[in-house]
Amino acid sequence: MRRKLAAGNWKMNGTAADLAEVAALAAAHPAPGVDLLLCPPATLIHRMAQVAGPVAVGGQDCHAAAKGAHTGDISTAMLRDAGATHVILGHSERRTDHGETDAQVRAKAEAALADGLVAVICIGETLEEREGGQTLGVVGTQLAGSTPDAATAANTVIAYEPVWAIGTGKVPTLDQIAEVHGFIRAELVKRFGEDGNGFRILYGGSVKPSNAAEIFAVSDVDGALVGGASLKAADFSPIIEALEAS
Ligand code: PGA
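So the sequence shown is residues 63 to 308, counted in my numbering.
Following this line, the structure appears as structure tokens:
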């Protein structure tokens, strides 16, 4: 049985004042029936970890090197030192804004796994790729190229996030989600054998309280990576409850 995971990605949002949302979330879910994770900006990781209760805290990126001359970057040891247990890698905004390639994402994931962080590896097609019928090809290439050989069901989570659904209010049909999640599952089993059945596969892209339950009913959807709706406890809580009920 895969334990479900509700993960929030705060992106470049949040200062100390917003930690009240995390405290409210922790108070509302003292004994959650699913795993909970919030990934704030690096500046908030340490303080969030103090108030997060049952909610795990993660970074949004890391460098592949352990230390050195990389101005502005953050290492896996720094994330752990601040209280992070997870790290999002290869988010489409990093791939777009910073030109991150599959090989770079894989190197970062290797560093994260070697240092004991759980990697949440993001993959997903653009609208042009979807309309061109390339979705499974693109997702398969990103999955193979971004996931290290050391990945296991315990240390790696895959997040399928169609780029065109992120922050747009647009969501794929349930059949489209089922097709891609089923494909990712099959690829994981091909590569990792029986352990491939244990990886959590999250859906991400415009998940909201109003659509969460139907998305969570899709097979091989083991939770969500939520952006905008993870910023407020009042929005994230009903998503968590929908996942608990699924
Ligand atoms: P969204 O973002 O929920 O705001 O669409 C999801 C993500 O990018 O992880």
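A virtual CB, placed ideally from N, CA and C, is assigned to each residue, including glycine.
- Message: For the ligand PGA, I want to know if L287 counts as a neighbour, meaning its beta carbon is within less than 6 Å of at least one of the ligand's heavy atoms.
- Response: Here residue 287 refers to the residue found at position 225 when the sequence shown is read from its first residue. Yes, since a heavy atom of the ligand PGA falls inside the 6 Å radius drawn around the Cβ of L287.
- Query: So what does DSSP say about R109, is it helix, strand or coil?
  - Reply: Residue mapping note: residue 109 aligns to position 47 of the sequence shown, counting from 1. DSSP places R109 in helix when its eight states are reduced to three.
- Would you list the one or two residues that DSSP bridges to L287? Here the question's residue 287 lines up with position 225 in the sequence shown. Paired residues: A69, G266.
- Given 8 Å, three or more beta-carbon pairs between the stretch 215–222 and the stretch 178–185: yes
- Query: Hey, I278 and A304: beta-carbon distance below 7 Å or not?
  - Reply: Within the sequence shown, numbered from 1, the residue matching residue 278 stands at position 216. Within the sequence shown, numbered from 1, the residue matching residue 304 stands at position 242. Position check: residue 278 holds Phe in this sequence, whereas Ile was assumed. Their beta carbons are under 7 Å apart, which means F278 touches A304 by this criterion.
- Query: If G76 and L106 are in contact, beta carbons under 8 Å, what's the gap, nearest whole angstrom?
  - Reply: By 1-based counting over the sequence shown, the position of residue 76 is 14. By 1-based counting over the sequence shown, the position of residue 106 is 44. Yes, G76 and L106 are in contact; Cβ-Cβ is about 6 Å, under 8 Å.
- Query: What does DSSP give as the partner residues of G121 in its beta bridges?
  - Reply: In the sequence shown, residue 121 corresponds to position 59, counting from 1. Partner(s): V149.
- Item | Rounded distance between the beta-carbons of G194 and P224, thought under 8 Å | Counting from 1 along the sequence shown, the entry for residue 224 is found at position 162. Counting from 1 along the sequence shown, the entry for residue 194 is found at position 132. Their Cβ separation, rounded to whole angstroms, is 13 Å, which puts P224 and G194 out of contact at 8 Å.
- Runs of alpha helix (DSSP H) lying entirely within the stretch 185–220, each at least 4 residues, in chain order: Whole alpha helix (DSSP H) segments, 4+ residues: 189–193, 197–208.
- Measuring from the CB of I228, is there a heavy atom of the ligand PGA at a distance below 6 Å? Along the sequence shown, read from residue 1 onward, the residue named residue 228 stands at position 166. Yes, the Cβ of I228 comes within 6 Å of a heavy atom of the ligand PGA.
- Message: Here's the rule I'm using: 16 or more other beta-carbon atoms within 10 Å means buried, otherwise exposed. How should T138 be labelled?
- Response: Locating residue 138 in the sequence shown gives position 76, where the first residue counts as 1. When all chains shown are included, T138 counts as buried.
- Message: I'd like to confirm something about N71: is its beta-carbon nearer than 6 Å to some heavy atom of the ligand PGA, or not?
- Response: Residue numbering aside, residue 71 sits at position 9 when the sequence shown is read from its first letter. N71 Cβ: within cutoff of the ligand PGA.
- So, R168 versus P210, is the Cβ gap smaller than 7 Å? Position 106 of the sequence shown, counted from the start, is the residue given in the question as residue 168. Position 148 of the sequence shown, counted from the start, is the residue given in the question as residue 210. Going by C-beta atoms, R168 is nearer than 7 Å to P210.
- Item | Contacting residues, own chain, Cβ-Cβ under 8 Å from E172 (five flanking each side not counted) | Translated into positions along the sequence shown, residue 172 becomes position 110. If we look at E172 and ignore the five residues flanking it on each side, its Cβ neighbours are A126, P210, A212.
- Item | Residue range of the alpha helix (DSSP H) that includes D297 | Locating residue 297 in the sequence shown gives position 235, where the first residue counts as 1. From DSSP, the alpha helix (DSSP H) with D297 extends over 295–307.
- Excluding sequence positions up to five away, which residues of its chain have a Cβ less than 6 Å from the Cβ of S299? Counting from one through the sequence shown, the residue named residue 299 turns up at place 237. Result list for S299: A90, in chain order.
- Query: CB-CB under 7 Å to G289, same chain, minus the five flanking residues each way: which ones, in chain order?
  - Reply: Position 227 of the sequence shown, counted from the start, is the residue given in the question as residue 289. Non-local C-beta neighbours of G289 in its own chain, meaning closer than 7 Å and more than five positions away in sequence, comprise N71, K73, I228, G229, ordered along the chain.
- Query: Got a sec? Which residues, its chain only, sit under 6 Å from T188 by beta carbon, not counting five neighbours each side?
  - Reply: Within the sequence shown, numbered from 1, the residue matching residue 188 stands at position 126. Around T188: V225.
- Residue range of the beta strand (DSSP E) that includes L98: Position 36 of the sequence shown, counted from the first residue, corresponds to residue 98. 97–101 is the span of the beta strand (DSSP E), which, as asked, contains L98.
- Item | CA-to-CA distance, Y222 to D282, given in whole angstroms | On the sequence shown, residue 282 is found 220 positions in, with the first residue counted as 1. On the sequence shown, residue 222 is found 160 positions in, with the first residue counted as 1. Their Cα atoms are separated by approximately 11 Å.
- Message: Assuming the contact rule is C-beta atoms closer than 8 Å, E190 and V200 should be a hit. Round their C-beta distance to whole Å, please.
- Response: Along the sequence shown, one-based indexing puts residue 190 at 128. Along the sequence shown, one-based indexing puts residue 200 at 138. Contact between E190 and V200 is absent: CB atoms are separated by about 10 Å, not below the 8 Å threshold.
- Message: Could you pull the DSSP bridge partners for A181 from this structure?
- Response: Here residue 181 refers to the residue found at position 119 when the sequence shown is read from its first residue. According to DSSP, A181 bridges with V149, T218.
- What number of angstroms, rounded off, separates the C-alpha of E162 from the C-alpha of A93? Within the sequence shown, residue 162 is the residue found at index 100, counting from 1. Within the sequence shown, residue 93 is the residue found at index 31, counting from 1. CA-CA distance, E162 to A93, rounds to 37 Å.
- Item | As assigned by DSSP and simplified to three states, the class of V233 | Translated into positions along the sequence shown, residue 233 becomes position 171. Here V233 sits in coil by DSSP.
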